[in-house]
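> Starting off with a structure, shown below.
Numbering (our numbering), first residue to last: 241 to 936.
Written out as structure tokens, the structure reads:
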């Protein structure tokens, strides 16, 4: 009998109605979840298996769930294949109870882009959840890009939605709703009750989700005009998605926003390069341009800037060779990139935590987080009933003055706290108090992955669709486009909405002026595009030659050449969830994950066995084997460096198969390369054990 089928030891919380880990009475209060950083910084808590519940994520993954999906059902199989390498239509719904497969795959897809490197930590984790971002996380341009894309998907898109909601209210197109808001506001103004009104409205929006749809009816983001608040044609020419700014069509839910985020960063990069080169709309392209080889991607901007300086007539002695500011500025900017990247990640993390607190997803508690947020806001409502506007103004202005002129007192107080209570800042972090137990999207994803592993049913990766993205509009239901009190949504008729939704390839992509149009025009710099296309062809030949040379170097014993073998796969191999095509020191083979043995482990063997029974019968002779409990670090790696990867992938139009490095507790390192399902292998390994991870 399944041990998880026994009686759940967690009693139901009488206030929130939640049951299970993270739903006790103490979890309703914003008190620190972890105090060890202050009172016991050397405390160590480790567990070899998820059943030891080393974190809230492990506890939620292994506890009994009220609503079960296919991955949470009891079965006798050693490993259950839920649809790896299948089309999404053939994968049963839902895989995890309370969550649609499309939402699950969206989380996994974004998890793959965000998490590169994890290390096991022995200390208690803040807020009870692991996979927090390390304070000294590693910097790379790829991670910076991923964080900016994540900021767009989580913060910028939702801020745009808020702006459009304000526009809908201000334009009086939905008269009854705007009239109700206006009456409530001016009545509170007359009675000096503005702050109590706003506080009560905020608490209502937090605790009662249905109030959000009544006060702010949903509408597809691309259909709402930012200025007029009325109906508009999506900038993509068709409404193919509900949550994207352009309304572009998508194959999977959330894919359009991901493409927008990628293009958002690409456009910023393009503008930066154009600025470095001093590009003007009136510039005339030269008929010829000397070039011998493809440039280093990281040197394009600085090289273009130097060319602009020389072309402006500045004397060589005042150029870059004698410019004493260039190297210090480059060093300062690259040094600041790391804290900037970390700050972007912190903003996105906090935003995601608030989102998951207001709209929690299984298996996390449904009501506990909302009640806790309401408890935090309630004192503001109570104080506003008794504190006059005069008293409020006096307190605020005193606080501003004290903050400006009281620096000696503030610094003395902070120094005293540092001496008496080291690491006291960790105690008061939002993730350890108000948002304790509330996951980021990455923490939610690893919890879902752990659910699959705890039930020996690894969650299948997002299906890959080779067909082109459809141009047909998506259906709009009553839940997607609403209005209050029976009004017409956006003040538009049904025929107007139908016309706006339908495909119109002639939709103009308008900008704010002719100069902007010239700068982004495809004809502007067309000669440079042809030169780039020429270099793509010549670079492809050079890359193929280099790949062939790697085979010779590998046979001669070059370790780096061995790591690069097979990174451009000739054929598509479908593996998982037990075996994964890869190479070790240049040798073809498979990475195998086995849980049948007493000690679950991961191994590599050049004996390729496609039959699971043969693997379990130990007919595979591994080159090396690592117990999953001994893994302390997992790192995604590439056969090529990031610069070479850009050139190889761009010139060959093929995906570059990357690798994974596994580091054990005794310092041993095992590197597998040329693994097409590297992300899927990483996800299985990171979710199987009892380690508490930290993202680096």
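Beta carbons: idealized from backbone N, C-alpha and C, even for Gly. Small disclaimer: the values here were computed from a predicted structure and weren't measured.
Less than 8 Å between the C-beta atoms of residue 901 and residue 909, yes or no?
Contact: yes.
> By the DSSP assignment, the beta strand (DSSP E) with residue 843 in it spans what residues?
Its beta strand (DSSP E) spans residues 841–845.
> Hey, how far is the Cα of residue 410 from the Cα of residue 637?
Spanning the two alpha carbons is a distance of roughly 31 Å.
> Which residues in the same chain have their Cβ closer than 6 Å to the Cβ of residue 688, if we skip the five residues on either side of it in sequence?
Only 336 meet the Cβ criterion.
> Quick check: what's the CA-CA separation for residue 906 versus residue 400?
Answer to the nearest angstrom: the Cα atoms are 50 Å apart.
> Can you look up residue 765 in the DSSP assignment and give me helix, strand or coil?
Note that residue 765 scores a pLDDT of 46, beneath 50, so its modelled location is shaky; the value from the coordinates is reported in the next line. Coil, per DSSP.
> Tell me the rounded alpha-carbon separation between residue 710 and residue 311.
Taking the straight line joining both Cα atoms gives about 30 Å.
> In terms of alpha-carbon separation, which member of 817, 839 and 615 lies closest to residue 323?
Taking only the C-alpha atoms, the option nearest residue 323 is 817.
> On the criterion of 16 or more Cβ atoms from any shown chain inside 10 Å, does residue 664 qualify as buried, or is it exposed?
The residue is exposed, with fewer than 16 neighbouring Cβ atoms inside 10 Å.
> Across which residues does DSSP place residue 372 in a beta bridge pair?
Partner(s): 934.
> Could you pull the start and end residues of the beta strand (DSSP E) that residue 912 belongs to?
Here the beta strand (DSSP E) through residue 912 covers 909–912.
> Are there 16 or more other CB atoms within 10 angstroms of the CB of residue 378, so buried, or fewer, so exposed?
It counts as exposed.
> Just to confirm the assignment, what range does the beta strand (DSSP E) spanning residue 901 have?
899–904 is the extent of the beta strand (DSSP E) around residue 901.
> Excluding the 5 residues preceding and the 5 following residue 732 in the sequence, name in chain order all residues of the same chain whose CB lies nearer than 6 Å to its CB.
So the qualifying residues of the chain are 471.
> For my contact list, residue 597 and residue 675 are in at a C-beta cut-off of 8 Å; report their separation, rounded to the angstrom.
Contact holds; Cβ gap of about 6 Å.
> Apart from the five residues on each side of it in sequence, which residues of its chain come closer than 6 Å, Cβ to Cβ, to residue 273?
367, 368, 672 and 676, listed in sequence order.
> Leaving out five residues on either side along the sequence, give the residues of the same chain with a beta carbon under 6 Å from the beta carbon of residue 298.
Excluding positions up to five away in sequence, the list reads 290.
> Could you give the first and the last residue of the continuous alpha helix (DSSP H) run that contains residue 645?
Where residue 645 is concerned, the enclosing alpha helix (DSSP H) stretches over 629–645.
> What distance in whole Å lies between the Cβ atoms of residue 270 and residue 615, which are believed to be in contact at a cut-off of 8 Å?
Yes, they are in contact, since the Cβ atoms of residue 615 and residue 270 sit about 7 Å apart, within 8 Å.
> List in chain order: all unbroken alpha helix (DSSP H) runs of 4+ residues lying wholly within the region 282–333.
Segments of the alpha helix (DSSP H) lying fully in the region 282–333: 296–302.
> Go through its chain and collect everything with a Cβ distance to residue 387's Cβ below 6 Å, but skip five positions before and after it.
Once the five neighbours on either side are set aside, the close Cβ partners of residue 387 are 581, 584 and 585.
> Quick check on residue 404: does DSSP put it in helix, strand or coil?
Three-state result, residue 404: helix.
> For residue 343, which residues of its own chain have a beta-carbon under 7 Å away from its beta-carbon, when the five flanking residues on both sides are left out?
Within the same chain, residue 343 has close Cβ partners 493.
> Which two residues bound the contiguous beta strand (DSSP E) that contains residue 866?
Note, residue 866: beta strand (DSSP E), 864–867.
> Going straight from the alpha carbon of residue 630 to that of residue 439, what length do you get?
Going by the C-alpha atoms only, they are around 18 Å apart.
> With 16 other CB atoms within 10 Å as the buried threshold, where does residue 866 fall?
Under this definition residue 866 is a buried residue.
> Below 6 Å CB to CB, which residues in the same chain sit around residue 721 once its five sequence neighbours on both sides are set aside?
Closer than 6 Å at the Cβ level, and outside the excluded window around residue 721, lie 459 and 729.
> Check each candidate in 686, 634, 899 and 643 and name the one with the smallest Cα separation from residue 370.
Out of 686, 634, 899 and 643, 686 has the C-alpha closest to the C-alpha of residue 370.
> Pull up the distance between the alpha-carbon of residue 698 and that of residue 308, whole angstroms please.
C-alpha separation (whole angstroms): 15 Å.
> Which value, in whole angstroms, describes the spacing of the CA atoms of residue 743 and residue 736?
Residue 743 and residue 736: Cα-Cα distance of roughly 13 Å.
> Given residue 926, which residues of its chain have a CB within under 7 Å of its CB, disregarding the five upstream and five downstream residues?
Closer than 7 Å at the Cβ level, and outside the excluded window around residue 926, lie 358, 686, 874 and 933.
> Taking 8 Å as the threshold (C-beta atoms), are residue 501 and residue 486 in contact?
Their beta carbons are not under 8 Å apart, which means residue 486 does not touch residue 501 by this criterion.
> Quick check: what's the CA-CA separation for residue 633 versus residue 619?
Computed Cα separation, rounded: 18 Å.
> According to the neighbour-count rule (16 or more other Cβ atoms, all chains shown, within 10 Å of its Cβ), is residue 898 buried or exposed?
With 16 or more other Cβ atoms within 10 Å, it is buried.
> Which class does residue 253 belong to by DSSP, given the choice of helix, strand or coil?
Here residue 253 sits in coil by DSSP.
> Between the alpha carbons of residue 830 and residue 821, how many angstroms are there, rounded?
One C-alpha to the other measures close to 5 Å.
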